[in-house]
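Student: Pasting a structure below so you can have a look.
There are 2 protein chains.
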Amino acid sequence: MADPARPLRADARRKREAIVEAAKDVLAEWGADVPLDHVAKRAGVGIATLYRHFPTREELIAGVYLSEIDPLCDTLDDLLAAMPADRALTTWMRRFVRHVGSKPCMPLAVKSIIAPDGPAVVRPAHDRLLTTVTHLVRTGERAGVFREGVVPEDLLMAMTGFCLASDRTDLPDQGDRVVLMLVDGMRPREV
Amino acid sequence: MADPARPLRADARRKREAIVEAAKDVLAEWGADVPLDHVAKRAGVGIATLYRHFPTREELIAGVYLSEIDPLCDTLDDLLAAMPADRALTTWMRRFVRHVGSKPCMPLAVKSIIAPDGPAVVRPAHDRLLTTVTHLVRTGERAGVFREGVVPEDLLMAMTGFCLASDRTDLPDQGDRVVLMLVDGMRPREV
DNA sequence: TGCCAAGTGGAGGAATCCTCCATATTTTAA
DNA sequence: TTAAAATATGGAGGATTCCTCCACTTGGCA
């Protein structure tokens with residue numbers, strides 16, 4: 046790990062993936078506070094190896110759910126092709142909230158991912174997410190269905206926060222309603 | 046602690062208050078993960094006493110910030126007397142978000158407080174908060190500035206979530222914007 | 001093939017958790 | 001007022017978890 050840009054050695058990459066895979070199971074089963082040697086054990090890896098790849102619990106949790114971001118963002122084009130921007134944003138945000146809220150540790154992971162100063166590993170996911178929301182918002186602005194000046198980060202923060210706070214109580218109805226409020230709150234105000 | 050309804054013995058009440066006072070300082074200084082014996086030490090109390098009064102960390106943290114809820118809710122009448130319901134709700138929500146977001150562990154405490162199945166100690170604060178928001182929402186509904194059927198719990202969840210996710214980054218501007226979106230999202234839709 | 005940078009495992013000291021129970025204090029009632 | 005009963009206390013200590021350190025192993029390159 047001298048040069049952060051150098052690709053991992055083949056065995057190291059394999060172990061890293063094993064850790065992520067194991068952590069996915071163990072986090073789902075035990076929650077975010079699971080002892081990290083459970084993860085190491087299940088991955089068939091020494092505890093030091095786990096710590097080398099993921100120096101903090103936060104980075105491990107973020108690492109586990111990183112791969113869930115892209116598929117979510119991939120739906121963007123289809124949505125925009127199929128419906129007007131306001132409905133597209135609503136639909137996308139509802140999917141986001143449902144999906145993020147559906148796994149016990151995922152809101153925590155997404156919190157790291159959207160944080161402006163999160164760990165370096167989450168950077169690509171951070172950018173992807175922000176780009177996606179920004180695109181939806183700007184498209185709606187240009188179409189006149191949203192007022193100008195809405196800050197995409199605000200939406201990400203509000204959605205992620207909702208998932209953090211609700212801990213899967215009442216979902217998905219409550220999530221749907223909150224998303225609706227946020228999106229309706231972006232429409233132009235008839236003065 | 047046999048009968049939960051029986052009032053505490055005088056010395057026990059004094060120690061409980063000392064614990065809350067100490068925890069307030071220590072949590073602010075060290076964050077939510079502070080070792081609990083630091084709290085006990087600062088309160089001049091044995092660790093067992095702390096555990097007897099607050100069996101879980103969650104209950105301790107909630108207990109510390111319980112007393113901040115009432116003052117916030119006390120402003121309700123003045124607000125409603127001074128301005129229309131939509132502005133009153135906006136103002137109140139902004140105060141809430143600013144205040145809850147201003148202390149490192151308070152969002153966590155409020156998460157317990159608003160949870161539908163939180164610990165028993167938080168019940169009065171829970172009810173007070175819900176009553177306050179409900180009153181603001183219903184007043185606006187009757188005045189026709191909000192559409193019907195807005196669920197007050199949704200607002201509490203969204204505000205608390207925002208505080209949890211944002212960790213005091215960007216506050217207070219971002220908080221103000223998110224509150225505005227939520228409140229505007231409650232207005233009647235001109236179809 | 002042999003070298004070395006990169007990667008590994010797990011022992012073990014330090015920190016923290018949380019229960020248990022002998023002791024101390026308050027309250028009650030006679 | 002006093003003594004018994006009810007309540008509350010402190011901190012020792014076993015169990016758990018954290019996380020670093022370093023002697024050893026392995027993959028990649030010349």
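Top line first, the protein sequences correspond to chains A and B. Just so you know, the first sequence maps onto residues 46 to 236 in this note's numbering. Just so you know, the second sequence maps onto residues 46 to 236 in this note's numbering. Ideal Cβ positions, reconstructed from N, Cα and C, are used throughout, including at glycine. All figures in this text were calculated on a predicted structure; none of them were measured in a lab.
(1) Distance, Cα to Cα, P52 (chain A) vs D82 (chain B)?
(2) Here's the rule: buried if 16 or more other CB atoms are within 10 angstroms of the residue's CB, otherwise exposed. What is I158 (chain B)?
(3) Do you know offhand how far V182 (chain B)'s Cα is from R213 (chain A)'s?
(4) State the CB to CB distance for the pair F191 (chain B) and R232 (chain B), rounded to an integer number of angstroms; the pair is presumed to be in contact (CB under 8 angstroms).
(5) Would you list, in sequence order, the uninterrupted alpha helix (DSSP H) runs of no fewer than 4 residues that lie entirely inside the stretch 60-96 of chain A?
(6) With DSSP run on the structure shown, which of helix, strand or coil describes V223 (chain B)?
(7) Can you tell me whether DSSP reads T179 (chain B) as helix, strand or coil?
(8) Does any C-beta atom of chain B lie closer than 8 angstroms to the C-beta of E235 (chain A)?
(9) Hey, how far is the Cα of D162 (chain A) from the Cα of V145 (chain A)?
(10) With H, G and I counted as helix, E and B as strand and the rest as coil, what does DSSP make of V190 (chain A)?
(11) For D215 (chain A), name the three-state secondary structure that DSSP assigns.
(12) Can you tell which of B:M138, B:T184, B:T176, B:R168 has its C-alpha closest to the C-alpha of E104 (chain B)?
(13) If I'm right that G89 (chain B) touches A63 (chain B) with Cβ under 8 angstroms, what's the distance once you round it to whole angstroms?
(14) Note down, in chain order, every chain A residue with its Cβ under 8 angstroms from the Cβ of S211 (chain B).
(15) Do we get a CB-CB distance below 8 angstroms when we pair R222 (chain A) with the residues of chain B?
(16) Ends of the alpha helix (DSSP H) at V142 (chain A)?
(17) Would you tell me roughly how many angstroms separate the C-alpha atoms of M202 (chain B) and R87 (chain A), rounded to the nearest one?
(18) Using the Cβ count rule (16 or more neighbours within 10 Å means buried), how would you classify G189 (chain A)?
(19) Should V90 (chain A) be flagged as near chain B, meaning a C-beta pair shorter than 8 angstroms?
(20) Taking only beta-carbon atoms, is P52 (chain A) less than 8 angstroms away from chain B?
(21) Roughly how many angstroms separate the alpha carbons of S211 (chain B) and V224 (chain B), rounded to a whole number?
(22) Going by other Cβ atoms of all chains shown within 10 Å of its Cβ, with 16 needed for buried, is G194 (chain B) buried or exposed?
(23) Looking at chain A, is there any beta carbon in it that lies within less than 8 angstroms of the beta carbon of K156 (chain B)?
(24) Closer than 8 angstroms, CB to CB, is T101 (chain A) near chain B or not?
(25) Work out the CA separation of D172 (chain A) and E74 (chain A) for me, nearest whole Å.
(26) Does the structure place the stretch 105-116 of chain A close enough to the stretch 125-132 of chain A that three or more beta carbon pairs sit under 8 angstroms?
(27) Short check: CB of V71 (chain B) to CB of M138 (chain B), under 8 angstroms?
(28) Counting only beta-carbon atoms, is P161 (chain B) nearer than 8 angstroms to chain A?
Tutor: To lay it out plainly:
(1) 44 angstroms
(2) buried
(3) 24 angstroms
(4) 6 angstroms
(5) 81-88
(6) helix
(7) helix
(8) yes
(9) 20 angstroms
(10) coil
(11) coil
(12) B:R168
(13) 6 angstroms
(14) M202, G206
(15) yes
(16) 130-147
(17) 36 angstroms
(18) exposed
(19) no
(20) no
(21) 13 angstroms
(22) exposed
(23) yes
(24) no
(25) 30 angstroms
(26) no
(27) no
(28) yes
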